[in-house]
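Going by the working numbering, the final residue of the sequence shown carries number 1432, and the count climbs one at a time with no gaps. Everything on this sheet refers to the single structure shown next.
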Amino acid sequence: MIWTTTDYDNAWYMILPADAIWKPPLINSNSAKEFSIFNPDDLSLYVLYDGRVKWLPAQNLKFTCDIDITYFPFDTQVCSMQIIAWGVSSSDISFNSPLSTVHTSSFSTNSEWELSKTSVNVSNTITPTVTYTFHFKRRPMFLLMTLIIPVIFLALLNIGVFLLPTESGERFGFSVTLLLAVVVFLTIAQGLLPASAVPRLSAICVTLMIDLVMSGLIVGSIIVSSRFYYRSDDEPIPNWMKKIVTYQLCFREKNQVHDLGNEEKVDHCIAYNGDTKKITWQDVSKTFDTISLIFYIVAFIAGNLMFIIDVAQGME
């Protein structure tokens, strides 16, 4: 239908009811609901003087999206919505888009997600298809302050249990309390994430599992250290334990040089090597605490560095 505007009082369009003109059967092919053709009956069509028809169907669409939680909460989700002409081949109808991005002037901002990028891709190979791609970037500040930083703080507190004196009797209760706190945060993280390990398990879940295992090992280490500390001095200390304790005590004593007034320096390591000072089970317990403290600090740094490097590579 084409006409000359000057012949009809400069009328450049006319309005017709929705059922007066054939419309392509469009559907959302990856819909999360039942398939339905875009066909609002009460929507009019604008027929332009040059034969073009303007049809603006309004539809509330819910579509599926594959979620990748690998770098949660610093993740970016890519979701695509496909619109196809159902039952029509590309020889009968073809799509084209004057824009390469989605028109987002009516988009409402979200407190959790930021729409970082959009794109439009048209395919007219077999079935005419238009694919709208949305890149959603999570806003991580809330989860950073309420999940990640508290977990790091708890892990540091857990390691600090070895600085408490064994005589205080609070070490075991303190370490068990922190273990339960890590379990609570692990439960919170699992509640925030979908039950999926595709393409891989979330980095924050791996980090929390490492902290959980480390907290359990710390509780076990506290138990072992307490058993050493309260052993009777009548029980013999194995020679290999004596060597380790002697080395640790010598290393500490070498860093404590005493001035006797005439610049004479005494190496107290000689006293331990010569058995002048007897090594007790309390010394074994303190040496075990020192070794455990160093080991768990290294494990904490290594685990968190792995998480930071993994997330940084995923954000590139």
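Where a beta carbon is used, it is the ideal one built from N, C-alpha and C, also for glycine. Computed from a predicted model, the values in this text were never measured in an experiment.
In angstroms, rounded to a whole number, what distance separates the CA positions of residue i and residue j?
i       : j       : result
Lys1233 : Phe1252 : 7 Å
His1374 : Asp1399 : Residue confidence for His1374 is low, a pLDDT of 49 falling below 50, so the modelled location carries little weight; the figure read from the coordinates is stated next. Cα to Cα, His1374 sits roughly 22 Å from Asp1399.
Pro1354 : Arg1254 : 56 Å
Met1130 : Ala1174 : 20 Å
Val1267 : Ser1331 : 11 Å
Ser1235 : Thr1217 : 4 Å
Thr1323 : Ile1304 : 14 Å
Pro1140 : Phe1223 : 26 Å
Ser1401 : Ala1415 : 21 Å
Leu1132 : Arg1168 : 13 Å
Phe1269 : Glu1286 : 19 Å
Val1314 : Gln1193 : 13 Å
Ala1271 : His1219 : 46 Å
Val1277 : Ile1395 : 24 Å
Leu1279 : Phe1411 : 14 Å
Could you check whether residue j and residue i sit closer than 8 Å to each other, using their CB atoms as the reference points?
i       : j       : result
Leu1260 : Val1298 : no
Trp1397 : Arg1347 : yes
Asn1155 : Met1197 : no
Phe1151 : Val1427 : no
Ser1213 : Asn1240 : no
Ile1137 : Leu1159 : no
Using a Cβ-based criterion (distance less than 7 Å to any ligand heavy atom), does residue i qualify as near the ligand MN?
i       : result
Phe1179 : Summarising the ligand content, the structure contains no ligands, and the ligand MN is consequently not present.
Leaving out the 5 sequence neighbours to the left and right, which residues in its chain are closer than 8 Å to residue i when beta-carbon positions are compared?
i       : result
Ala1148 : Lys1178, Phe1179 and Thr1180
Phe1404 : Ser1337, Val1340, Ser1341 and Phe1344
Ser1088 : Since the first and last residues shown for the chain are 1117 and 1432, residue 1088 lies out of range.
Going by beta carbon distance, what residues of the same chain come within less than 6 Å of residue i, once the five residues before and after it are set aside?
i       : result
Val1246 : Ile1199, Phe1211 and Val1238
Got a sec, what are the start and stop residues for the beta strand (DSSP E) residue i sits in?
i       : result
Tyr1129 : Tyr1129 to Leu1132
Trp1229 : Trp1229 to Ser1239
Thr1245 : Thr1245 to Arg1254
Would you mind reading off the limits of the alpha helix (DSSP H) that contains residue i?
i       : result
Ala1297 : Arg1287 to Leu1308
Cys1195 : Taken as a continuous stretch (DSSP letters only), Cys1195 belongs to no alpha helix (DSSP H), being part of the beta strand (DSSP E) at Thr1192 to Ala1201.
Lys1402 : Trp1397 to Met1431
Thr1217 : Element bounds for Thr1217: n/a, residue is neither H nor E.
Asn1274 : Ile1265 to Ile1275
Who are the near neighbours of residue i in its chain, counting only those whose CB is closer than 7 Å to its CB and skipping five residues on each side?
i       : result
Leu1295 : Ser1331, Gly1332 and Val1335
Ala1201 : Pro1140, Pro1141, Leu1142, Ile1209, Thr1243 and Pro1244
Phe1423 : Ala1319 and Thr1323
Which whole-angstrom value describes the C-beta separation of residue i and residue j, a residue pair presumed to lie in contact below a C-beta threshold of 8 Å?
i       : j       : result
Trp1128 : Tyr1187 : Not a contact, Cβ separation roughly 53 Å.
Leu1421 : Ile1275 : Leu1421 to Ile1275, Cβ: 15 Å. No contact.
Ile1320 : Ile1265 : Wrong, their Cβ atoms sit about 12 Å apart, outside the cutoff.
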